[in-house]
Structures are given as structure tokens and as C-alpha cells.
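Per the numbering used here, the very first residue in the sequence shown carries number 1282; after that it's consecutive.
Beta carbons: idealized from backbone N, C-alpha and C, even for Gly.
Input: a single structure, listed below in C-alpha cells.
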Amino acid sequence: MERVATYNHQNTLVQYMMKAEAQVAAEQVRSASGLNSTDYKGIATDSSRLVNLESHYRRLEQYIDEGEVVNGRIQSMYDAVGSMADLTSRLSSLITGLQGDNAAGVEGVVAEAGQLMEELAGLMNTQQDGRYLFGGGRTDQTAVDLDSYTAATYPSSADTGYYQGDSTVAHFQAADDFVLSYGVTADDPAFEKALRAFSLIANMSTDPVDDDLLAEATGLASDATDGLTITQAKLGAASSSLENTIDRHVDEQLVLQTQVDDIRSVDLAESTTKLSQLQASLEATMSLMKILEENNLSKYL
């Protein structure tokens, strides 16, 4: 009679079955979650690369978030400077109306110049999210204080006594290798000339009208308009450069996300096939164990 030794076979099969069950369970998790692993240990060979990719992605995310905030400030500055240029152009038109034989309504022009000067100072004190944008590094206080400004008289000279900020030029680290300078301070020559031109007209004598004063104010207003237009163009260029940098970060994030997904994510078709194979192998093992149990050696003793 042929003897059947079942103990060693059963022990081996039990171990194999437990391993197969673990593999089936792991593959079921992979298929259900869509992930190769729920922790770094499960993707040990790629874990270092994955950490680097995710770190780079988060750094780009920070650049994007902060860049959008900074670009909002630049846009506010751009709009404010454009409005300043509109005011100086308006002043030039008012002065033209006072020259030659057109000196009628001078009191109204003086009054309007004073109002426009206040509006100009308000634009210089533009703030966003509690930050004064034209004060350099002193963002927590107004950049311009007209109470500290001495009214301009002809002939005038540059006077920035109104300025309460500092000389710090705002900048932003927009990328690992790119620092964007975008700051404009309210003591800029174009700002100062604009304010001085308004002050000359707002405080001038109306009887008689001083043609030399008008000529100086005209020159200041024209220079201010040109300077403000250039400043606005620079702000526009800074905004465009920052937007392009942010777009590049977004594009790079898409590439990084694809690489991360390649490491983390499961090919569902491949996983489904593998799961079927593992389940079939487990069922075969269980069937074999059942046969061994039915043919246990004790039945022949």
C-alpha cells in the first residue's frame, strides 16, 4: 500500500495560502484605491524620487499662490499710476485754459486743482490688504501726508517732504532663479513733479495770473505725465513677466503631477488581470489543501 505523507505538504501549502491571501488582499486594495501603495514603504524603490517630486510641486504651489497675491498688488499700482497720469493730463488742459486771453474762470481752476491734488495724494496712498503700495518698505503707514508738504511757489524746486516711506524697492522671489523687482515709491520724480504742478496751480495768485508760473506748471505736468506713463509701462511689464512665470509653474506642475501619478497610481487593467490570477492561484491552493485533507495519512492507519 502506498503511504501518503501529508504534514509537510500541508504546512507548505498553508504558508503559501497565507502569502497568496495577503497578495490578493493587497491587490484588492490597489484596485479599489487606484494607488500602488498607501504609504512610501510600498513603493520603496521610487520613494526618494516621489518625495523630491512632491517637494518640488509644493514649492511651485507656493510660488503660484504668492505670485498671484503680488500680481494683484502690481495691478493695483498699475491702475493707480494710470489714474495719476489722467489727472496730470487734466491739469495740463486746465492750465491751457488759463493762458493767453483765456484767463476766465481762474478761481474755478484753482479750486479744481486743489481737489485734484487731494485725489492725486489719495492715489499715492493706494493700499491693498492693509498694505500701502507706494511707501517702499513702510507698508503700514500712508506714503503721502499733504499736511507735511509745503505749498509750491514760483520758481519751485523739488520737494519730497510729503513722503513718509523709505527707499526700499519691493521685490518678489518668483522662481528658484528669478527675483522680480516691481516697487515704485511715492517720492519718484514723476510723482513729485505731478504733486508740485498741482500745488503751483492750487496755491497761485488769481490776480494777476502769473504766466511764468503757468509755464512752469505746464512743464511739470507734461514731465509728470510722461514719467507716469513710463512707470505704468514698467509695472505692466512686471505683471506680464510674473504672469508668464506663474503659467510656467502651472505647466511644470502638470508634468510633475503626471510623474507622481505614474509612481502612485495603478494601471487598473493590469491590476484587474493580476488580481484574477492571484485569486485563481489561491483557489487552486485551497483545492489542493482540501484534497490533502481528504487523503490524510491517519485514514490509512
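Does DSSP classify Ser-1260 as helix, strand or coil? Given that the chain is displayed from residue 1282 to residue 1582, the structure contains no residue 1260 and the question cannot be resolved.
So who's on the other strand from Tyr-1413, going by DSSP bridges? Bridge pairing for Tyr-1413: Gln-1408 [DSSP].
Met-1358: which of Arg-1339, Glu-1347, Ala-1519 and Ala-1433 sits nearest, CA to CA? It is Ala-1519.
Burial state of His-1530 (16 or more Cβ within 10 Å): Answer is buried; the Cβ neighbour count reaches 16.
Flag this pair as touching only if the segment 1431-1451 and the segment 1324-1343 have three or more C-beta atom pairs under 8 Å; answer yes or no. Output reads no: the segment 1324-1343 does not touch the segment 1431-1451.
Three or more C-beta pairs under 8 Å: does that hold for the segment 1498-1507 against the segment 1470-1480? A contact exists between the segment 1498-1507 and the segment 1470-1480.
N-terminal and C-terminal residue of the beta strand (DSSP E) that Ala-1471 is part of: No beta strand (DSSP E) contains Ala-1471, which is instead part of the alpha helix (DSSP H) from 1470-1483.
Classify Asp-1410 as buried or exposed, calling it buried when 16 or more other Cβ atoms lie within 10 Å of its own Cβ. With fewer than 16 other Cβ atoms within 10 Å, it is exposed.
Determine the DSSP secondary structure at Gln-1380, reduced to helix, strand or coil. Under the three-state reduction of DSSP, Gln-1380 is assigned to coil, being neither helix nor strand.
Select from Asp-1346, Thr-1407 and Thr-1539 the residue whose C-alpha is nearest the C-alpha of Met-1365. Taking only the C-alpha atoms, the option nearest Met-1365 is Thr-1407.
Own chain residues within Cβ distance below 8 Å of Glu-1393, not counting five before or after: So the qualifying residues of the chain are Leu-1375.
Where Thr-1441 sits in the DSSP three-state scheme: DSSP places Thr-1441 in coil when its eight states are reduced to three.
Classify Ala-1455 as helix, strand or coil using the three-state DSSP reduction. Ala-1455 carries a strand assignment under DSSP once its states are collapsed to helix, strand and coil.
Closest by C-alpha distance to Tyr-1443, when choosing among Met-1398, Leu-1523 and Glu-1349: Checked all of Met-1398, Leu-1523 and Glu-1349; the closest Cα to Tyr-1443 is Met-1398.
Hey, how far is the Cα of Glu-1388 from the Cα of Ala-1402? When rounded, the separation of the alpha-carbon atoms in Glu-1388 and Ala-1402 is 21 Å.
C-beta contact flag for Leu-1427 and Ala-1361 at 9 Å: No; because the gap between Cβ atoms is not below 9 Å, this pair is not in contact.
On the three-pair Cβ rule with 8 Å, is the segment 1514-1528 touching the segment 1478-1491? No, the segment 1514-1528 does not touch the segment 1478-1491.
Leaving aside the five residues before and after Phe-1459 along the sequence, list all residues of the same chain whose C-beta is less than 7 Å from its C-beta, in chain order. These residues qualify, in order along the chain: Thr-1526.
Here's the rule: buried if 16 or more other CB atoms are within 10 angstroms of the residue's CB, otherwise exposed. What is Val-1285? Unreliable placement is indicated for Val-1285, whose pLDDT of 49 sits below 50; no coordinate value is reported for it.
Let me know the secondary structure DSSP gives Met-1282 once reduced to three states. Note that Met-1282 has pLDDT 40, beneath the 50 cutoff, so the model's placement of it is unreliable and no number is given.
May I have the straight-line CA-CA distance separating Arg-1339 from Gly-1353, to the nearest angstrom? Each residue's CA atom was taken as its position, placing Arg-1339 and Gly-1353 some 21 Å apart.
Exposed or buried, Ser-1329, counting other C-beta atoms within 10 Å across all chains shown (16 or more means buried)? It is exposed - the Cβ of Ser-1329 has fewer than 16 other Cβ atoms within 10 Å.
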